[in-house]
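Student: Handing you a structure now.
There are 2 protein chains.
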Amino acid sequence: MEIKVAIFEDNKPLRDSLSVLIAGSPAFACTGSFANARKVLKDIESSEPDVVLMDIDMPGISGIEAVQIIKQKFPHIQILMQTVFDDDDKIFASICAGASGYLLKKTPPSKILDAIKETAEGGAPMTPSVAAKVLQMFQKQSAQAPVEFIDLSAREREVLKQLVTGDSYKMIAAVCYISIDTVKSHIKNIYQKLHVNSKSEAVAKAIRQKLV
Amino acid sequence: MEIKVAIFEDNKPLRDSLSVLIAGSPAFACTGSFANARKVLKDIESSEPDVVLMDIDMPGISGIEAVQIIKQKFPHIQILMQTVFDDDDKIFASICAGASGYLLKKTPPSKILDAIKETAEGGAPMTPSVAAKVLQMFQKQSAQAPVEFIDLSAREREVLKQLVTGDSYKMIAAVCYISIDTVKSHIKNIYQKLHVNSKSEAVAKAIRQKLV
DNA sequence: ATAAAATTCACCCGTTTAGGCGATTGATTT
DNA sequence: AAATCAATCGCCTAAACGGGTGAATTTTAT
Chain S
0 MEIKVAIFED NKPLRDSLSV LIAGSPAFAC TGSFANARKV LKDIESSEPD VVLMDIDMPG
60 ISGIEAVQII KQKFPHIQIL MQTVFDDDDK IFASICAGAS GYLLKKTPPS KILDAIKETA
120 EGGAPMTPSV AAKVLQMFQK QSAQAPVEFI DLSAREREVL KQLVTGDSYK MIAAVCYISI
180 DTVKSHIKNI YQKLHVNSKS EAVAKAIRQK LV
Chain B
0 MEIKVAIFED NKPLRDSLSV LIAGSPAFAC TGSFANARKV LKDIESSEPD VVLMDIDMPG
60 ISGIEAVQII KQKFPHIQIL MQTVFDDDDK IFASICAGAS GYLLKKTPPS KILDAIKETA
120 EGGAPMTPSV AAKVLQMFQK QSAQAPVEFI DLSAREREVL KQLVTGDSYK MIAAVCYISI
180 DTVKSHIKNI YQKLHVNSKS EAVAKAIRQK LV
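The listed protein sequences correspond, in order, to chains S and B.
Mapping of the first sequence onto numbering that gives the first Met the number 0: position 123 corresponds to residue 122, and the numbering continues sequentially without gaps.
Mapping of the second sequence onto numbering that gives the first Met the number 0: position 46 corresponds to residue 45, and the numbering continues sequentially without gaps.
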């Protein structure tokens, strides 16, 4: 089954070369190419793409706005952004709008085809420099709440889960089919690993650090 | 100038093949390869790498902990994670710890070399499937569910706050300059309003509903 | 094969909680 | 003026919890 691709790109030479590239590859079909996103919903309806190649800078409706519009109506369509500059704000906005991938325009044609394929399969291809910016944004957000990695065993994680539910030792023993002393034993170890010494502290830490 | 690479990987065959791969490429040098991260700081000091290839699952100190340690002492060193499974939590933890890239172990050798090069240049190479998970985590942070309104008095809110901190009744009494029986009284009322009957349940509900 | 874990269980002891059934004071509302 | 409610305090009891020590078994890793 070939992958149907629609192109939104205001630069005509680039748009045409993309459409030729896609149409010339057996696994792909170019079902539409458009110079702007003014009639984006109509265009999508007529071309029924699996993947959209979207230029970020277009006159009229920007690529980012177009992503929001498409994702609202057709959440299953994957969108691959293309841009000349790896501008932080635009990357961030695109991600929030629901774009799946982010390529720089200097990306060689063969990689573009790869990326479209990956996108169709649910991946999110992005050039390493773009990915680095995404990670930076991520790390900034978690900088306030630095999360230490805590390695709990399977059983411990299970017990902790019950603790968060509010279960007593007795109840945990019942659900896990083990004795209450074993539950205590696990909980002692959990407390050590979490550096706490009561149920409530453990619960608080577990939730905040998303250990459950 | 060649890129100096250190390897942390508990699987010996894989470790050796990686080191051969790197040593055999003119632009790279393998300055160290280690089976675990127990002496990670010493190992880094002796091998002085530009880029570290880090297995995420290792006995003793996990790869994620190792990243934290390295990044703390040597923030300029770039770290490329390697793992068999694209597990959400581990990816998230790695990113927060400061890893620069994230490769699945099935990545072909040539791509590994590309990725090391990208990493050294400040990029963050990752396989599309990993990138997709990162984006999902990003997009998730925007969606929040509305909650039932719970009307706590000022004092009750204060006491609940202490509960979430992990304080005992006695400690709360001390902080609030009230008797322990008064604390109990407030907590009884809080339990009624939250429809719970234990500290841990109250803490869980308080955090999840952002009552604190 | 051997060391290192994870998992299981037991007993003791003192502290903490939870639930019950009270009470008094002050502020706010009706 | 009466009612309501938040905030304060007390006592009793049974259950739950936390910490300590110790040990057998199984799984996993080297």
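Idealized CB from N, CA, C, for every residue including glycine.
Using only alpha-carbon positions, find the residue among S:K187, S:K11, S:D88 and S:D54 that is nearest to L243 of chain S.
Tutor: This structure leaves residue 243 of chain S out entirely; chain S is present only between 0 and 211.
Student: Using the C-alpha atoms, what's the distance from I6 of chain B back to A98 of chain S?
Tutor: 34 angstroms
Student: Give the DSSP-derived three-state secondary structure of S46 of chain B in the structure shown.
Tutor: helix
Student: Around the C-beta of D87 of chain S, are 16 or more other C-beta atoms found within 10 angstroms, so that it is buried, or is it exposed?
Tutor: exposed
Student: Please report the Cβ distance between I244 of chain B and I69 of chain B, rounded to the nearest whole angstrom; I am assuming they are in contact, meaning their Cβ atoms lie under 8 angstroms.
Tutor: In the structure as shown, chain B begins at 0 and stops at 211. Residue 244 of chain B is therefore absent and cannot be evaluated.
Student: So which residues on chain B does A131 of chain S lean against when the C-beta distance must stay under 8 angstroms?
Tutor: S99, G121, G122 and A123
Student: Is there a Cβ of chain B sitting closer than 8 angstroms to that of E200 of chain S, yes or no?
Tutor: For E200 of chain S, the answer is yes, since a Cβ of chain B falls inside 8 angstroms of its Cβ.
Student: Check this for me: beta carbons of L79 of chain S and V50 of chain S, under 8 angstroms apart or not?
Tutor: Yes, the Cβ-Cβ distance between L79 of chain S and V50 of chain S is below 8 angstroms.
Student: Once you ignore the five residues that flank E117 of chain S on each side, which residues in its own chain have a CB closer than 6 angstroms to its CB?
Tutor: P124
Student: Is there a Cβ of chain B sitting closer than 8 angstroms to that of V66 of chain S, yes or no?
Tutor: V66 of chain S does not count as touching chain B.
Student: Under a CB-based cut-off of 8 angstroms, is G212 of chain B close to chain S?
Tutor: Residue 212 of chain B lies beyond the stretch modelled for chain B, which goes from 0 to 211, so this question has no answer here.
Student: Interface residues of chain B around C175 of chain S at Cβ under 7 angstroms?
Tutor: The contacting residues do not exist; C175 of chain S stays about 17 angstroms from chain B at best.
Student: Helix, strand or coil: which one does DSSP assign to A144 of chain B?
Tutor: Any answer about A144 of chain B is weak, because its pLDDT of 49 lies below 50 and its placement is not dependable; what the coordinates show is given next. DSSP places A144 of chain B in coil when its eight states are reduced to three.
Student: Anything in chain S within Cβ reach of E8 of chain B, meaning under 8 angstroms, just list it in chain order.
Tutor: Around E8 of chain B, no beta-carbon contact reaches into chain S at under 8 angstroms, the shortest distance being about 18 angstroms.
Student: Taking the alpha-carbon of D85 of chain S as reference, which of S:S45, S:K132 and S:A119 has the nearest alpha-carbon?
Tutor: With distances taken between Cα atoms, D85 of chain S lies closest to S:K132.
Student: Determine the direct distance from the alpha carbon of K209 of chain S to that of K110 of chain S, and round the result to whole angstroms.
Tutor: 36 angstroms
Student: Does the distance from the C-beta atom of F27 of chain S to that of F137 of chain B stay below 8 angstroms?
Tutor: no
Student: Pick helix, strand or coil for V163 of chain S, following the three-state DSSP scheme.
Tutor: helix
Student: DSSP state of A36 of chain B, grouped into three classes?
Tutor: Coil at A36 of chain B, not helix or strand.
Student: For G59 of chain B, count neighbouring Cβ atoms within 10 angstroms of its own Cβ and tell me buried if that reaches 16, exposed if not.
Tutor: Here G59 of chain B is exposed: its Cβ has fewer than 16 other Cβ atoms, across all protein chains shown, within 10 Å.
Student: Should Q245 of chain B go down as buried or exposed, given a rule of 16 or more other Cβ atoms within 10 Å for buried?
Tutor: Chain B is shown only over 0 to 211; residue 245 of chain B falls outside these bounds and no answer can be derived.
Student: Does the CB of I63 of chain B have a neighbour CB from chain S at under 8 angstroms?
Tutor: yes
Student: Are the beta-carbon atoms of G31 of chain S and S45 of chain S separated by less than 8 angstroms?
Tutor: yes
Student: If we cut at 8 angstroms on Cβ distances, does F137 of chain B have a partner in chain S?
Tutor: yes
Student: For C29 of chain S, return the contacting residues in chain B, with the cut-off set at a CB-CB distance below 7 angstroms.
Tutor: None at all; the shortest Cβ gap to chain B is about 21 angstroms.
Student: Is it buried or exposed for V129 of chain B, if we count other Cβ within 10 angstroms and need 16 for buried?
Tutor: buried
Student: Have a look at B:I55, B:V195, B:V19 and B:E1 and flag the residue whose alpha-carbon is nearest the alpha-carbon of E47 of chain B.
Tutor: B:E1
Student: Tell me, to the nearest whole angstrom, how far the beta carbon of R154 of chain S is from that of H185 of chain S; I am working on the premise that it is less than 8 angstroms.
Tutor: 6 angstroms
Student: For chain S, find out if any of its Cβ atoms is closer than 8 angstroms to the Cβ of L162 of chain B; answer yes or no.
Tutor: yes
Student: Please state whether the Cβ-Cβ distance between T82 of chain S and K104 of chain S is less than 8 angstroms.
Tutor: yes
Student: CB V215 of chain B to CB V182 of chain B, shorter than 8 angstroms?
Tutor: Chain B is shown from 0 up to 211; residue 215 of chain B falls before or after that span and cannot be answered.
Student: Take F73 of chain B and list the residues in its own chain whose beta-carbon comes closer than 7 angstroms to its own, dropping the five residues that flank it on each side.
Tutor: Excluding sequence neighbours, F73 of chain B sits near I43.
Student: Within the same chain, show all residues whose beta-carbon is closer than 8 angstroms to that of A22 of chain S, passing over the 5 residues directly before and after it, in chain order.
Tutor: A28 and C29
Student: Looking at the unbroken alpha helix (DSSP H) that takes in I186 of chain B, where does it start and where does it end?
Tutor: I179 to L193
Student: Can you pull the DSSP bridge partners for G31 of chain B?
Tutor: B:A5
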